[in-house]
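Participant:
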Amino acid sequence: MSTHDEQGAWMERYVMPNYGRYQVWPVRGAGTQVWDRDGKQYLDFAGGVAVCPLGHCHPNIVEAITRQASTLIHVSNWYCIDKQAELARVLVEDVVGIPGKCFFCNSGAEANEGIIKLARKYGQQTGGRFEIITFSGSFHGRTFGAMTATAQEKIHGGFGPLVPGFVYVPFNDVEALKKAVNKNTVAILLEPIQGESGVNPATSEFLRAAADLCKKNDMLLLLDEVQCGFGRAGEMSGWRAIIPGDEIKPDAISWAKAIGSGYPLGAFWVRDREISDSKSQISNLANLLGPGTHGTTYGGSPLACAVGLATIGTILDQKLCANSRDIGAWIADQARAWNSPVIKTIRQFGLFIGFELDEARLQSNESVKASGRPASIHVARLLLDAGLMTVPAGPAVVRWLPPLNITQADAAEALRIMKTVLENLK
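Residue numbers for the sequence shown follow my numbering, so the first one is -6 and each next one is one higher.
(1) Using three-state DSSP, classify T178 as helix, strand or coil.
(2) Taking all protein chains shown into account, do 16 or more other C-beta atoms lie within 10 angstroms of the C-beta of C73, making it buried, or fewer, making it exposed?
(3) Excluding the 5 residues preceding and the 5 following R122 in the sequence, name in chain order all residues of the same chain whose CB lies nearer than 6 Å to its CB.
(4) Roughly how many angstroms separate the alpha carbons of P395 and V85, rounded to a whole number?
(5) Around the C-beta of T304, are 16 or more other C-beta atoms found within 10 angstroms, so that it is buried, or is it exposed?
(6) What is the DSSP secondary structure of W28, counted as helix, strand or coil?
(7) For N105, count neighbouring C-beta atoms within 10 Å of its own C-beta (all shown protein chains included) and say buried if the count is 16 or more, exposed if not.
(8) I'd like to confirm the pairing. Which residues does DSSP put opposite N442 in its beta bridges?
(9) Exposed or buried, A245, counting other C-beta atoms within 10 Å across all chains shown (16 or more means buried)?
(10) Taking the Cβ atom as the reference point for each residue, do L47 and S230 lie within a distance shorter than 8 Å?
(11) Is W232 helix, strand or coil by DSSP?
(12) Please classify V55 as buried or exposed, where buried requires at least 16 neighbouring CB atoms within 10 angstroms.
(13) Where do the N-terminal and C-terminal ends of the alpha helix (DSSP H) with L36 fall, by residue?
(14) Considering only residues of the same chain and omitting the five flanking positions on each side of V83, which have a CB-CB separation below 7 Å?
(15) Short of 6 Å in beta carbon distance, which residues of its chain neighbour V390, apart from the five on each side in sequence? Order them along the chain.
(16) Around the Cβ of H(-3), are there at least 16 other Cβ atoms within 10 angstroms (buried) or fewer (exposed)?
(17) Would you check if there are 3 or more beta carbon pairs closer than 8 Å linking the segment 255 to 270 to the segment 84 to 102?
(18) Check for me: the beta strand (DSSP E) holding Y400 runs from which residue to which?
(19) Closer than 7 Å to a non-hydrogen atom of the ligand SAM - does that hold for the CB of F38?
(20) With DSSP collapsed to three states, give me the class of E124.
(21) Comparing alpha-carbon positions, which option in V160, L397 and A142 lies nearest I320?
(22) Rounded to whole angstroms, how far is the Cβ of F128 from the Cβ of L216, which I believe are closer than 8 Å?
(23) Between the alpha carbons of P388 and E352, how many angstroms are there, rounded?
(24) Using only the alpha-carbon positions, how far apart do K147 and Y12 sit?
(25) Round the Cβ separation of A57 and K250 to the nearest angstrom and send it over; I've been treating them as touching at under 8 Å.
(26) If contacts are defined as beta-carbon pairs under 8 Å, then G132 and T143 qualify, I think. What distance do you get, rounded to the angstrom?
(27) Measuring straight from C-alpha to C-alpha, what distance separates Q274 and A2?
(28) Using three-state DSSP, classify W323 as helix, strand or coil.
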């Protein structure tokens, strides 16, 4: 039996230091609660960074894993997988509600790589275009294509040369977006609600402009819903939290995180529509990535898809989008009523909540200055010490990403902890 000291030494000696980890060692979870190896209990409003929409060890997920693991865990995509067919139907009919087809992979970065390849392939089929417009504050993953698509220098640093063909535009700047479109532009890739930069939503004007430009110029509208999908923003499709209904029709959507309740699963959907000016026998966008163009060894295994079916089925059956909207709005109302001088603004879509801190005010606080950390990381550390897990986003935002099935009692306890921590920082 290893000791805590041995585990710490092994972590330092054998695990790469690419994460700035808090020295907390979780060992068990149930619902909204997590316990570390010392027995300390936490209220988890981080959710593995939006990965646990049903909390920890939800009985439906445990049962799905147990049943499928005792039946068939993995076969190659050389064969037909029944759970893939079932999950794809649910994604197309019950999540997106627009005809299309799905590809299954293992992560959000892989899903974004897939839709980037789709755009490049589409460009080659329609005149040789290759440029994809992305936006400041975005985050699309850590693989080379997804990293380059991410319009943040801090993500790019030290890894050049980057993949060519990406054009960066200020987020929510319609005029700059219009000016960036040229004869080489094949797609626009955006997060309807940016997560890593602090729960920043696209404006309805900006989202409509992007969709209109794509339609007028025969470009693809690519939506990264890795963090904002599956009820996180109060809708199964995150863009509908910005513009409800079917006014916006994306050409492709990437997913991961919540789709698998912590089991590695990603996917992307491609719209069923004709390709104009096609120079090949493929005339439908949903069929463009045919045999030999894209693939994965693990993606869409029977076990992964069984978990995906259980996750999405539970969200739909228990009407958790409505709970996300209702509890999220209640949290934001309660926190705004504090009139805290430490909070500049609260951005809330469902249970996708960003508390923007007054960074200048906090940096004058002795404890924040002494920590040497950005305000968001320091406050997240204080919240963790007080028993609340949250996620810093950028230098000044603390994100709440709790399970979609939380109760008002869970929310009230998290608010109590946060209010106390912030009051001590005034």
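For each residue, glycine too, the CB sits at the ideal point set by N, CA and C.
Facilitator: Quick answer:
(1) Taking the first residue of the sequence shown as position 1, residue 178 is located at position 185. In this structure, T178 counts as strand in the three-state DSSP scheme.
(2) By 1-based counting over the sequence shown, the position of residue 73 is 80. So C73 ends up on the exposed side.
(3) Position 129 of the sequence shown holds residue 122. Correct list, in chain order: G116, N177 and V179.
(4) In the sequence shown, counting from the first residue as 1, residue 395 sits at position 402. In the sequence shown, counting from the first residue as 1, residue 85 sits at position 92. So the alpha carbons of these two residues sit roughly 26 Å apart.
(5) Mapped onto the sequence shown, residue 304 falls at position 311. Its Cβ being crowded by 16 or more others within 10 Å, T304 is buried.
(6) Here residue 28 corresponds to residue number 35 of the sequence shown, with the count starting at 1. Strand.
(7) Along the sequence shown, one-based indexing puts residue 105 at 112. When all chains shown are included, N105 counts as buried.
(8) There is no way to answer for residue 442, as the model of the chain reaches only from -6 to 419.
(9) Taking the first residue of the sequence shown as position 1, residue 245 is located at position 252. Buried, by the Cβ-count rule.
(10) On the sequence shown, position 54 is the one that residue 47 refers to. On the sequence shown, position 237 is the one that residue 230 refers to. No; because the gap between Cβ atoms is not below 8 Å, this pair is not in contact.
(11) Within the sequence shown, the letter at position 239 stands for residue 232. In the structure shown, W232 sits in a helix (DSSP, three-state: H, G or I).
(12) Sequence index remark: in the sequence shown, residue 55 carries index 62 (1-based). V55 comes out exposed.
(13) Counting from one through the sequence shown, the residue named residue 36 turns up at place 43. Looking at the DSSP string, L36 is not in any alpha helix (DSSP H); the run it does join, the beta strand (DSSP E), is Q34 to D37.
(14) Within the sequence shown, residue 83 is the residue found at index 90, counting from 1. L302 and I305, listed in sequence order.
(15) To locate residue 390, count along the sequence shown from 1; it is residue 397. Once the five neighbours on either side are set aside, the close Cβ partners of V390 are G191, G347, E349 and S369.
(16) Here residue -3 refers to the residue found at position 4 of the sequence shown. That one is exposed.
(17) yes
(18) Along the sequence shown, one-based indexing puts residue 400 at 407. Note that residue 400 corresponds to Thr in the displayed sequence, not to Tyr. From DSSP, T400 is part of no beta strand (DSSP E); its letter is neither H nor E.
(19) Looking at this structure, you won't find the ligand SAM or any other ligand, since it has none at all.
(20) Position 131 of the sequence shown, counted from the first residue, corresponds to residue 124. Note: E124 maps to strand in three-state DSSP.
(21) As a position in the sequence shown, residue 320 is number 327, starting the count at 1. Looking at the Cα atoms, L397 is the closest of the given residues.
(22) Locating residue 128 in the sequence shown gives position 135, where the first residue counts as 1. Locating residue 216 in the sequence shown gives position 223, where the first residue counts as 1. In fact, because the Cβ distance is near 12 Å, the residues do not count as touching under 8 Å.
(23) Residue numbering aside, residue 388 sits at position 395 when the sequence shown is read from its first letter. Residue numbering aside, residue 352 sits at position 359 when the sequence shown is read from its first letter. Roughly 8 Å separates the two Cα atoms.
(24) As a first step, residue 147 is located in the sequence shown; it is residue number 154 there, counting from the start. As a first step, residue 12 is located in the sequence shown; it is residue number 19 there, counting from the start. Rounded to whole angstroms, K147 to Y12 spans 15 Å at the Cα level.
(25) Sequence index remark: in the sequence shown, residue 57 carries index 64 (1-based). Sequence index remark: in the sequence shown, residue 250 carries index 257 (1-based). Not quite, the Cβ-Cβ distance comes to about 18 Å (not below 8 Å), so this is no contact.
(26) Within the sequence shown, the letter at position 139 stands for residue 132. Within the sequence shown, the letter at position 150 stands for residue 143. Reading off the sequence, residue 132 comes out as Phe, not Gly. About 5 Å separates the two Cβ atoms, so the contact holds.
(27) For this step, residue 274 is matched to residue 281 along the sequence shown. For this step, residue 2 is matched to residue 9 along the sequence shown. Spanning the two alpha carbons is a distance of roughly 58 Å.
(28) Reading the sequence shown from its first residue, position 330 is the one you call residue 323. Here W323 sits in helix by DSSP.
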